[in-house]
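For reference, the structure discussed in these notes is given below.
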Amino acid sequence: MRIILLFCFILSCKLFYAQTDSISKTDTLLSQSPKPGILIADTLSICSINYCDRGIASYYGRQFNGRLTSSGERFDMYKYTAAHKTLPLGTYVVVTNLSNNKSIIVKINDRMPPWNKREIDLAQGAAGYLDYIGAGLTNVQIEIYKPKLAYK
216 MRIILLFCFI
226 LSCKLFYAQT
236 DSISKTDTLL
246 SQSPKPGILI
256 ADTLSICSIN
266 YCDRGIASYY
276 GRQFNGRLTS
286 SGERFDMYKY
296 TAAHKTLPLG
306 TYVVVTNLSN
316 NKSIIVKIND
326 RMPPWNKREI
336 DLAQGAAGYL
346 DYIGAGLTNV
356 QIEIYKPKLA
366 YK
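In terms of our numbering, the sequence shown is residues 216 to 367.
If you want it as C-alpha cells, here you go:
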C-alpha cells in the first residue's frame, strides 16, 4: 500500500512540474493583479472569460472630471476606467473596438443609469486609445479580464 501511495505521489509531482515548465514568463507576469491600460495582444490567449457582451460604447470626460464615482474614487478623465450598469465595481474588463480591433483593459469604477441604451461609458483616456473620440460612439465587445493562475 505504501509503495502505491509513494508511486502516486511521485507521479503527481512529475505532472505538476511538467505543467510548471510549460508556463511562459508572460503567464507569470499576467497572473499578478491586473492594472488598467493598454492590452498586449498575447494576453487574450491566456485569459479565461466568463462574461462576454457586445454593445455601444460612449465616453465621458471633462464635465465629470474630479467628481466622486460610485466606487468612491475621484474620476480622472485620463485614466483607463469605465462605467457599467451591472458589472461589479472594481472588475477589470477588456474592451475591444469592433471597428478597428483595438483593445484595452479598463476598471469598472462607476455606474450608468439603468435606462441608458449604451453598454459601457469609458473615460476619455480609454476612448482616445480606442480611437473613437471624434465619432462619440462605437460598437464594442466587453469581456471580463481574468488571467489564469500560474504555478509557482
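Backbone N, C-alpha and C define an ideal beta-carbon position, used for all residues, glycine too.
Spatial distance of residue i from residue j (CA atoms)
{"i": "isoleucine 359", "j": "valine 321", "result": "10 Å"}
{"i": "glycine 281", "j": "asparagine 315", "result": "30 Å"}
{"i": "proline 303", "j": "glutamine 278", "result": "24 Å"}
{"i": "valine 308", "j": "glutamate 288", "result": "18 Å"}
{"i": "serine 273", "j": "valine 310", "result": "12 Å"}
{"i": "threonine 306", "j": "threonine 353", "result": "21 Å"}
{"i": "tryptophan 330", "j": "isoleucine 319", "result": "26 Å"}
{"i": "leucine 283", "j": "phenylalanine 290", "result": "6 Å"}
Nearest-angstrom beta carbon gap, residue j and residue i [assumed within contact, 8 Å]
{"i": "alanine 338", "j": "threonine 296", "result": "5 Å"}
{"i": "arginine 326", "j": "serine 285", "result": "4 Å"}
{"i": "isoleucine 271", "j": "histidine 299", "result": "Their Cβ separation, rounded to whole angstroms, is 13 Å, which puts isoleucine 271 and histidine 299 out of contact at 8 Å."}
{"i": "isoleucine 357", "j": "aspartate 268", "result": "5 Å"}
Other residues of its chain near residue i: CB distance less than 6 Å, five sequence neighbours each side excluded
{"i": "isoleucine 348", "result": "Ala342"}
{"i": "tyrosine 266", "result": "Ile359"}
{"i": "tyrosine 293", "result": "Gly340"}
{"i": "tyrosine 275", "result": "Asp336"}
Same chain only: Cβ atoms within 8 Å of residue i, ignoring 5 sequence neighbours per side
{"i": "aspartate 346", "result": "Asn312, Asn315 and Lys317"}
{"i": "leucine 244", "result": "Unreliable positioning characterises leucine 244 in this predicted model, as indicated by a pLDDT of 34, which lies under 50. A coordinate reading is not provided."}
Span of the alpha helix (DSSP H) around residue i
{"i": "alanine 342", "result": "339-344"}
Where the beta strand (DSSP E) through residue i begins and ends
{"i": "isoleucine 357", "result": "353-359"}
{"i": "threonine 311", "result": "307-312"}
{"i": "isoleucine 320", "result": "318-326"}
Every unbroken beta strand (DSSP E) within the stretch 271-296, with a cutoff of 3 residues, ordered by chain: You should have found no qualifying run.
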